[in-house]
Amino acid sequence: DTEVTQTPKHLVMGMTNKKSLKCEQHMGHRAMYWYKQKAKKPPELMFVYSYEKLSINESVPSRFSPECPNSSLLNLHLHALQPEDSALYLCASSQDPPGNTEAFFGQGTRLTVV
Amino acid sequence: GESVGLHLPTLSVQEGDNSIINCAYSNSASDYFIWYKQESGKGPQFIIDIRSNMDKRQGQRVTVLLNKTVKHLSLQIAATQPGDSAVYFCADSDTGRRALTFGSGTRLQVQP
């Protein structure tokens with residue numbers, strides 16, 4: 046199984062809503078990532094987890110809250126988002142250490158904030 | 036901070052021709068480089084990677100060249116097919132910041 050599964054595929058939320066994005070992998074990878082991608086732009090790193098511990102936070106606003114409950118799961122909790130946060134949110138995983146081998150990406154969650 | 040970037044935003048080639056996509060990087064500490072292909076509505080898909088102790092690596096129909104002297108990376112696709120049409124991103128990482136940083140991307144259009 047070389048898949049990274051993200052749910053939901055699409056999400057529309059209001060600025061006062063609380064929602065969560067979920068990511069799952071069963072490749073035994075101990076590094077997991079959240080990236081944000083705006084239209085016609087490259088993915089931008091948000092967070093990196095290594096062995097379930099947050100190792101990189103790219104100065105992401107606190108309205109985005111990551112969580113790694115176990116080695117297979119990665120969540121991104123969303124609260125009080127702004128319309129400019131609308132984007133494709135990509136989850137990825139790789140062998141540890143992070144950034145040293147191929148990262149496998151999920152299909153992303155297309156988020157629209159209204 | 037330093038980042039990886041691309042010269043050409045769009046590359047149009049004829050089916051069967053060879054394609055070359057270029058990427059310039061500025062971080063002299065980068066030691067791992069990777070190319071991804073992203074089709075519309077999908078996540079990035081791994082194509083090929085290379086480490087800084089190599090200058091060339093070949094895969095199936097693809098070759099990556101690394102020139103550390105001028106900080107340049109290229110992806111060569113042989114006998115380009117319509118299914119190769121996508122956006123191609125280079126990315127790198129270094130020993131200090133262990134995470135992939137993506138370049139700006141090149142759209143490859145293959146004309147039948």
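Residue numbers (my numbering), protein chains in the order written: chain A, 46 to 159; chain B, 36 to 147.
Using N, Cα and C, we set each Cβ at its ideal position, and we do this for glycine too.
As the structure is a computational prediction, the values presented were derived from the model and not from experiment.
For residue 131/B, the number of other beta carbons within 10 angstroms of its own is below 16, and it is reported as exposed. Residues of chain B whose Cβ lies closer than 8 Å to the Cβ of residue 105/A do not exist, since the nearest Cβ in that chain is about 13 Å away. An exposed status is given to residue 94/B, since fewer than 16 other beta-carbon atoms sit within 10 Å of its beta-carbon. Taking 7 Å as the upper bound on Cβ-Cβ separation, chain A lies near residues 67 and 69 of the segment 46 to 71 of chain B. Under a criterion of Cβ atoms nearer than 9 Å, the residues of chain B adjacent to residue 152/A are, in order, 76, 77 and 78.
Linking residue 126/B to residue 110/A through their CA atoms gives a straight-line distance of about 25 Å.
The beta carbon of residue 50/B sits closer than 8 Å to the beta carbons of 115, 116, 117, 145, 146 and 147 from its chain, once the five residues preceding and following it are set aside; these are given in chain order.
Interface with chain B (8 Å Cβ-Cβ cutoff): residue 102/A is excluded. Given a length threshold of 3 residues, each whole run of the beta strand (DSSP E) inside the segment 45 to 131 of chain B is given here in chain order: 45 to 49, 54 to 60, 65 to 73, 80 to 86, 91 to 93, 97 to 102, 107 to 112 and 121 to 129. In the three-state DSSP reduction, residue 112/A falls in the strand class (E or B).
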